[in-house]
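Asker: FYI, the numbering for the sequence shown is 0 to 294, going by numbering that gives the first Met the number 0.
Note that beta-carbon positions come from the ideal geometry of N, C-alpha and C, so glycine has one too.
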Amino acid sequence: MRRRVTALSACVGAVAAFACVANAQSSHVVGEWGGGTALDPPASPYGPGNLVITLSSAGSGTVDFQARVGASCELPTISGSFQPSADGAFSLAGSTVARKADGRRVSVIYSVAGTIDDVSATGSLQARIKITRPHRKTRRCETGPVEWTAHQRRVGIDIGAPAAVQPSARLYGTTKQYMSVGHHPILLRVSADGSRLARALYSADFRCGSDRTQILDTPHDDLPIRADGTFSDVEHFTVKLNRRTRARFTDRFSGTIGSAGATGSFKLTGKIIDIPSGHTFERCKNGTVKWTALP
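1. If you measure between the beta carbons of serine 271 and alanine 246, is that distance less than 8 Å?
2. According to the neighbour-count rule (16 or more other Cβ atoms, all chains shown, within 10 Å of its Cβ), is tyrosine 45 buried or exposed?
3. Tell me the residue span of the beta strand (DSSP E) that contains glycine 143.
4. When you compare only the Cα positions, how much space is there between arginine 138 and valine 68?
5. Is alanine 326 buried or exposed, if buried means 16 or more other CB atoms sit within 10 Å of its CB?
6. Which term fits leucine 240, buried or exposed, when burial requires 16 or more other beta carbons within 10 angstroms of its beta carbon?
7. With which residues is arginine 127 paired in a DSSP beta bridge?
8. Can you name the start and end residues of the beta strand (DSSP E) that leucine 184 belongs to?
9. Go through its chain and collect everything with a Cβ distance to alanine 203's Cβ below 8 Å, but skip five positions before and after it.
10. Give every residue of the same chain whose Cβ lies closer than 7 Å to the Cβ of arginine 188, excluding the five residues on either side of it in the sequence, and list them in chain order.
11. When you compare the stretch 124-133 with the stretch 230-239, are there three or more beta-carbon pairs, one atom per stretch, that lie closer than 8 Å?
12. On the DSSP bridge assignment, give the partners of glutamate 234 in chain order.
13. In the DSSP assignment, the beta strand (DSSP E) including arginine 98 goes from what residue to what residue?
14. For serine 26, count neighbouring Cβ atoms within 10 angstroms of its own Cβ and tell me buried if that reaches 16, exposed if not.
15. I need the straight-line Cα distance from alanine 120 to tryptophan 32, nearest angstrom please.
16. Name the one or two DSSP bridge partners that glutamate 281 has.
What follows is the structure in structure tokens.
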């Protein structure tokens with residue numbers, strides 16, 4: 000459910016339909032954009048068709064991005080930079096390689112294209128993933144084209160009339176937790192009748208002792224939206240790490256949604272336990288993280 004990913008990206012030629020573009024007539028957008036896309040339940044939020052993405056620009060003409068992408072064989076992190084043209088259009092092809100502690104080598108070839116302005120960014124991303132491991136069969140999977148949307152980061156938003164969200168609304172934003180490119184992204188998907196939060200998807204940093212991991216997380220599906228616009232979820236789960244060790248976690252997610260946006264927070268805590276003795280030898284947490292999202 001939660002996987003470690005470390006990625007290095009570089010611009011390469013002839014890896015997909017797109018090429019690295021550096022246009023002298025570039026668009027100098029400024030700010031951060033957060034969002035992505037998520038499939039409706041009961042489809043898995045971690046499979047192909049899902050992603051979260053953050054874009055960031057200081058106004059120099061270059062936009063940096065990082066995306067966490069769902070796939071059937073891995074959850075790779077993809078990052079890179081591009082220079083949008085004067086009309087905000089961009090395209091980029093690249094690759095990433097990550098070497099894991101268990102000996103796996105995860106290689107990703109990707110392409111991304113879209114448009115960006117001072118309010119929002121939209122685009123499509125696709126990736127081909129190859130996983131190799133000594134003395135094991137090579138695994139491959141593809142995401143297919145995944146359409147995504149991201150809105151510019153805003154804080155202190157007025158969410159409007161509580162619970163007056165439009166049916167099938169999609170909201171995109173960021174959390175207050177910072178990563179290398181910008182703030183972590185989040186997106187919300189409202190049910191067709193407007194009565195439930197069908198799905199939320201976001202990335203976060205998570206610490207167990209001194210070890211820091213980036214996770215892709217989601218609360219339970221179909222959370223009821225109450226009359227005052229609030230929703231909440233608490234999830235308890237256990238993961239067996241090996242024959243001697245297991246991890247127990249508590250995941251809390253809550254918010255308030257209205258006609259003009261949504262705000263909320265999440266918190267993940269846990270502990271690593273020695274199975275034979277029952278002794279807790281490491282505790283995990285990410286603190287309480289606030290978020291905002293806009294339709």
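Answerer: Concretely, from the data shown:
1. The identity of residue 271 in the sequence shown is isoleucine, whereas the question assumes serine. Contact: yes.
2. buried
3. Unbroken run through glycine 143: none, as it is neither H nor E.
4. 17 Å
5. Given a span of 0 to 294 for the chain in the structure shown, any question on residue 326 remains unanswerable.
6. exposed
7. Ile108, Glu141
8. Checking the displayed sequence, the identity of residue 184 turns out to be proline instead of leucine. Here the beta strand (DSSP E) through proline 184 covers 182-189.
9. Thr174, Gln176, His183, Gln213, Ile214, Asp216, Phe265, Leu267, Asn285, Val288
10. Ala37, Asp39, Arg169, Ala197, Arg198
11. no
12. Asp250
13. 88-98
14. buried
15. 7 Å
16. Ile271
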